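Below is one structure, written out as structure tokens; comments come after it.
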DNA sequence: GTCTATAAAGGGATAGAC
DNA sequence: GTCTATCCCTTTATAGAC
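Residue numbers (the numbering used here), protein chains in the order written: chain S, 1 to 195; chain B, 196 to 390.
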């Protein structure tokens, strides 16, 4: 049994945490390696024992976020459900995840432009998998007549933009709690597709 | 009658144009004064004849955008209309303006975090005026029973986020033209508030 | 694995000639 | 109003001691 009191702190994990927070708040270009190192109390050069460059650190955060998001979404949206049930599950999941992980989500949205190829293409591919899932749900509902969606591709983007915006304003302790926010967004999505 | 062929180009206006484009594409922190000057074919130091600092250049772009946006919105949304008509006018205006001025809009949304006080507070106040207009329309429609909006403040943010997202994906020459996009978003907004 | 020291480049801003 | 030249600072990244 390891002595956890004497375990050296996991610098790599701490770097991820502080970089995520700082990048989300000030933007990739607005944060220096010194800023990140300073948040941990180490020197800037020590970061290079854990990540080969600032770009690689950003890529690590982006890919890690997208893989966790996709995996969690697939767990939350059962394949066997009819389209209306899938849309409800997807919407609840998306809002809840964005409330719970605002920094990851905000970072992935805002700093894609700071990510260089080839990593950028990988992240876009992962994001497209996520979007395609919602697109498929809307298309299936349209085909079976339970949704009235004139333009499924546009509706996909409209719904994702609407729901993702929750990260910009939601705060714990505000007038609406987590569950009230999820229900309010769900109501707008369902009415928006004609349910 | 002035000889327009020999008129010196308006450097200040050209600086605004190129800075707007570069800031929107790479972010405020990702663009240097040398980048902006280079786009015009002048030296970096010449910028300081027109703007006292990089911050002032950003503030000029932000305030200019918000004032134009507010003014155009007030022209497009007549005060005398009933709430349903106002919501339709507001939605058509917002999508059209965001399609036509994507750089201004994207910049104002993304780079507010790079703007320092006191200018930042001014821009936020202007943005709040814009949001409050939509909030008032939804509140009036709710009060008169023509809208079913459980949470007007949330619905305001949800609608604005949904519509503003058009800047991320819309391109001239794509599968949907400007008018088709406006109608599709309008349909989703009206259904979303129960019309 | 972290430190000090340093390299090499780029950042915003200013001075003064023209 | 734009230029060249420069100041002073910060940046990412590397080298080598411990």
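A virtual CB, placed ideally from N, CA and C, is assigned to each residue, including glycine. Note that this is a predicted model, so its numbers are computed, not measured.
query: Collapsed DSSP secondary structure at residue 124/S in the structure displayed; result: helix
query: Option nearest residue 193/S by Cα separation, candidates 75/S, 58/S, 84/S and 32/S; result: 84/S
query: Chain S contact for residue 201/B (CB, 8 Å cutoff); result: Because the pLDDT at residue 201/B is just 41, under 50, the model does not fix this residue reliably, and the value given afterwards should be weighed accordingly. Not closer than 8 Å to any Cβ of chain S, the Cβ of residue 201/B fails to qualify, so no.
query: Span of the alpha helix (DSSP H), counted from its first residue to its last, around residue 245/B; result: Residue 245/B -> no alpha helix (DSSP H), and no H or E assigned at all.
query: Host alpha helix (DSSP H) of residue 281/B (start-end); result: 278-295
query: Of the listed residues 143/S, 107/S, 189/S and 131/S, nearest to residue 22/S (C-alpha basis); result: 107/S
query: Residue-chain proximity (residue 154/S, chain B), Cβ-Cβ < 8 Å; result: yes
query: 8 Å Cβ cutoff met for residue 155/S and residue 228/B; result: no
query: Contact the region 117-130 of chain S vs the region 54-64 of chain S: 3+ CB pairs below 8 Å; result: yes
query: Supposed close pair residue 20/S, residue 100/S - CB separation, criterion 8 Å; result: Actually they do not touch by this definition, with Cβ atoms about 14 Å apart.
query: Separation of residue 29/S from residue 276/B, as counted between CA atoms; result: 46 Å
query: Outcome for residue 44/S when other beta-carbon atoms lying within 10 angstroms are tallied against a minimum of 16; result: exposed
query: Close beta carbons around residue 135/S, own chain, < 8 Å, minus the five adjacent residues each side; result: 152, 153 and 156
query: Contact set between the region 350-361 of chain B and chain S, restricted to residues whose Cβ is under 9 Å from the partner; result: 350, 352, 353, 354, 355, 356, 357, 358, 359, 360 and 361
query: Contacts of residue 66/S in chain B (Cβ-Cβ under 7 Å); result: Correct list: empty, because the minimum Cβ distance to chain B is about 17 Å.
query: Closest residue to residue 181/S among 353/B, 366/B and 341/B (Cα-Cα distance); result: 353/B
query: Three-state secondary structure assigned by DSSP to residue 201/B; result: The predicted model places residue 201/B with a pLDDT of 41, which falls under 50 and marks its position as unreliable, so this point remains unresolved.
query: Residue 143/S versus residue 150/S: straight-line alpha-carbon distance, rounded; result: 11 Å
query: Closer than 9 Å at the beta carbon, the chain S residues around residue 257/B; result: Result: empty, since nearest Cβ-Cβ is about 16 Å, beyond 9 Å.
query: Member of 358/B, 364/B, 369/B and 362/B whose CA lies at the smallest distance from the CA of residue 378/B; result: 358/B
query: N- and C-terminal bounds of the alpha helix (DSSP H) containing residue 396/B; result: Residue numbering for chain B in the displayed model covers 196 to 390; residue 396/B lies beyond these limits and cannot be assessed.
query: Closest Cα partner of residue 38/S within the set 57/S, 55/S and 15/S; result: 15/S
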